[in-house]
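Notes for the one structure printed next.
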Ligand code: NDP
C-alpha cells in the first residue's frame, strides 16, 4: 500500500459507526493499530472485532468526547498500552437540526459540546505526547456546512466552522514540532446521520452534487489516510472538501 501506517497508533473518535468505522477499518488495513472511541461500547467493540478478525490490531474504548475527564482517561489508557500515539482522527459528531427561531438552548449546547468541545478535548489530550515525540497527525472532520452555512443547522454549522478555526490555529502552534493538523469537509455522505433526512431533502441535495451521487464513508477514509501518511508531510492547516463538487464555489 502506498499510504503505509505500519505500527502507527491511531485514535478514531466515533469509530463505531459510519465514516469513523470506515476510517478505522481502512487505517487498520494500512497497518495501524486503531483505538476506537465512541459513546456506545457495543459499536466500538463491533468495529474492533471486525478489524481483529481480518488480522489487524484494535482496541475499543467507551468515551464521551464531550467530557474532558473521559477523554483524558482514554488517552492515558492508549499511552499505558502502546507507549506512544501517532494519529488522532476527530470524527465524532451529532446533529440537532431546527430553525434558529425554534432551536432550544440545549440543542445548541449539545452540538457544541460534542462537535467542537469534543475536538478541543481530544486535541489537547494528545498534544503533549505528540510534542514529546516531535511528530503527529491530527485530522478533524468538519463539514462543507461549516463553510457555506445551511438553513436549519445553525448550531451544527457554527460547530463545524469552529473546527476550521481550531484546526488552523493549532496547526500554527505545533508546526515546529512536525505535527500536522488538517480538516476534512465532507459534503453529503451516506450514513445513519444523513439517512434521517426526508426523501425530498435527499433528492434536493443530489441535484446540487456535480458528480451526481452521494459520497461514501470510503470517499472520506481515503483522504484521511492520505493526510495521515508520509505523502502529506508538507500539508498543514488545510481544509479539504470531499463533496463531489457540491460546494465548489465556496
Ligand atoms: P454517524 O451518526 O453515523 O456516527 C457518529 C459517530 O459519532 C458514532 O460513532 C457515535 O458514537 C459518535 N459519537 C456521537 N457523539 C459522541 C460522543 N459524545 N462521544 C463519543 N462518540 C460520539 O455520523 P457520520 O458517520 O455520518 O459522521 C461522522 C462525522 O462526519 C461527524 O462529525 C459528522 O458531523 C461529519 N460529517 C458527516 C456528513 C455526512 O453527510 N454523513 C457530512 C459532513 C460531515 P455511537 O455509535 O456510540 O453513538
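In the numbering used here, the protein residues as written are 167 to 416. Where is the CB? At the ideal position from N, CA and C, for every residue including glycine. Since we're looking at a predicted model, the values are computed, not measured.
Kindly indicate the opening and closing residues of the beta strand (DSSP E) around residue 352.
-> Position 186 of the chain shown, counted from the first residue, corresponds to residue 352. Here the beta strand (DSSP E) through residue 352 covers 345-352.
Tell me the start and end of each unbroken beta strand (DSSP E) in the segment 233-287 that is at least 3 residues and wholly inside, in chain order.
-> 253-256
Using beta-carbon positions only, say whether residue 173 and residue 197 come within less than 8 Å of one another.
-> Taking the first residue of the chain shown as position 1, residue 173 is located at position 7. Taking the first residue of the chain shown as position 1, residue 197 is located at position 31. Their beta carbons are under 8 Å apart, which means residue 173 touches residue 197 by this criterion.
What do you get for residue 383, buried or exposed, if any count of 16 or more other CB atoms within 10 angstroms of its CB means buried?
-> Residue mapping note: residue 383 aligns to position 217 of the chain shown, counting from 1. Buried, since its Cβ has 16 or more Cβ neighbours within 10 Å.
Grab the span of the beta strand (DSSP E) containing residue 306 for me, first residue to last.
-> Taking the chain shown and counting its residues from 1, the one referred to as residue 306 is at position 140. Where residue 306 is concerned, the enclosing beta strand (DSSP E) stretches over 302-307.
Is it the case that the Cβ atoms of residue 186 and residue 232 are separated by a distance below 8 Å?
-> One-based indexing of the chain shown puts residue 186 at position 20. One-based indexing of the chain shown puts residue 232 at position 66. Result no, Cβ atoms of residue 186 and residue 232 do not sit closer than 8 Å.
Compute every distance between the C-beta of residue 395 and the non-hydrogen atoms of ligand 1, then say whether any falls below 7 Å.
-> The sequence position of residue 395 within the chain shown is 229, counting from 1. Checking every heavy atom of ligand 1 against the Cβ of residue 395, none is found closer than 7 Å.
Which of helix, strand or coil does DSSP assign to residue 172?
-> Residue numbering aside, residue 172 sits at position 6 when the chain shown is read from its first letter. Looking at residue 172 - three-state DSSP - the assignment turns out to be coil, as it is neither helix nor strand.
Only counting runs of 3 or more residues, tell me where the beta strand (DSSP E) segments fall wholly within the segment 332-404, in order along the chain.
-> The segment 332-404 contains these whole beta strand (DSSP E) runs: 345-352.
Distance between residue 227 and residue 316 (C-alpha atoms, nearest Å) | The sequence position of residue 316 within the chain shown is 150, counting from 1. The sequence position of residue 227 within the chain shown is 61, counting from 1. Going from the Cα of residue 316 to the Cα of residue 227 covers about 33 Å.
Output the residue ranges of the beta strand (DSSP E) runs that lie fully inside the segment 188-239 and measure 3 residues or longer, sorted by chain position.
-> 199-204, 224-228
Across which residues does DSSP place residue 177 in a beta bridge pair?
-> Looking up residue 177 in the chain shown gives position 11. DSSP output for residue 177 lists 201, 254 as bridge partner(s).
Close beta carbons around residue 237, own chain, < 7 Å, minus the five adjacent residues each side = Position 71 of the chain shown holds residue 237. Around residue 237: 229, 231, 287, 288, 291.
Roughly how many angstroms separate the alpha carbons of residue 253 and residue 338, rounded to a whole number?
-> Counting from 1 along the chain shown, the entry for residue 253 is found at position 87. Counting from 1 along the chain shown, the entry for residue 338 is found at position 172. Their backbone Cα atoms lie some 18 Å apart in a straight line.
Reduced DSSP secondary structure (H/G/I, E/B, other) of residue 294 = As a position in the chain shown, residue 294 is number 128, starting the count at 1. Correct three-state label for residue 294: helix.
Can you have a look at residue 251 and say buried or exposed, based on whether 16 or more other CB atoms are within 10 angstroms of its CB?
-> Reading the chain shown from its first residue, position 85 is the one you call residue 251. Burial call: buried.
Since residue 192 contacts residue 387 with CB under 8 Å, what's their CB separation in whole angstroms?
-> Here residue 192 is taken as the residue at index 26 of the chain shown, counted from 1. Here residue 387 is taken as the residue at index 221 of the chain shown, counted from 1. Going by Cβ atoms, the distance from residue 192 to residue 387 rounds to 4 Å, so yes, they are a contact pair.
Pick from 303, 294, 244 that is closest to residue 394, judged by C-alpha positions = For the purposes of this step, residue 394 is taken as the residue at position 228 of the chain shown. Of the candidates 303, 294, 244, the one whose C-alpha sits nearest the C-alpha of residue 394 is 303.
Would the C-beta of residue 182 count as close to ligand 1, meaning under 7 Å from any of its heavy atoms?
-> Position 16 of the chain shown, counting from 1, holds the residue named residue 182. The answer is yes for residue 182.
Take residue 299 as the anchor and find which of 340, 280, 180 has the nearest alpha-carbon.
-> Position 133 of the chain shown, counting from 1, holds the residue named residue 299. Residue 299 has its Cα closest to that of 340, out of 340, 280, 180.
Which residues bound the alpha helix (DSSP H) around residue 315?
-> Locating residue 315 in the chain shown gives position 149, counting from the first residue. Premise fails: residue 315 is in no alpha helix (DSSP H) and is neither H nor E.
If you measure from the CB of residue 309, is any heavy atom of ligand 1 nearer than 7 Å?
-> In the chain shown, the residue the question calls residue 309 occupies position 143. At least one heavy atom of ligand 1 is nearer than 7 Å to the Cβ of residue 309, so yes.
Cβ-heavy atom distance between residue 379 and ligand 2 below 7 Å?
-> Inclusion of ligand 2 in the displayed structure is not the case, the ligand content consisting of ligand 1 alone.
Cβ of residue 321 within 7 Å of any heavy atom in ligand 1?
-> Within the chain shown, numbered from 1, the residue matching residue 321 stands at position 155. The closest heavy atom of ligand 1 lies 7 Å or more from the beta carbon of residue 321.
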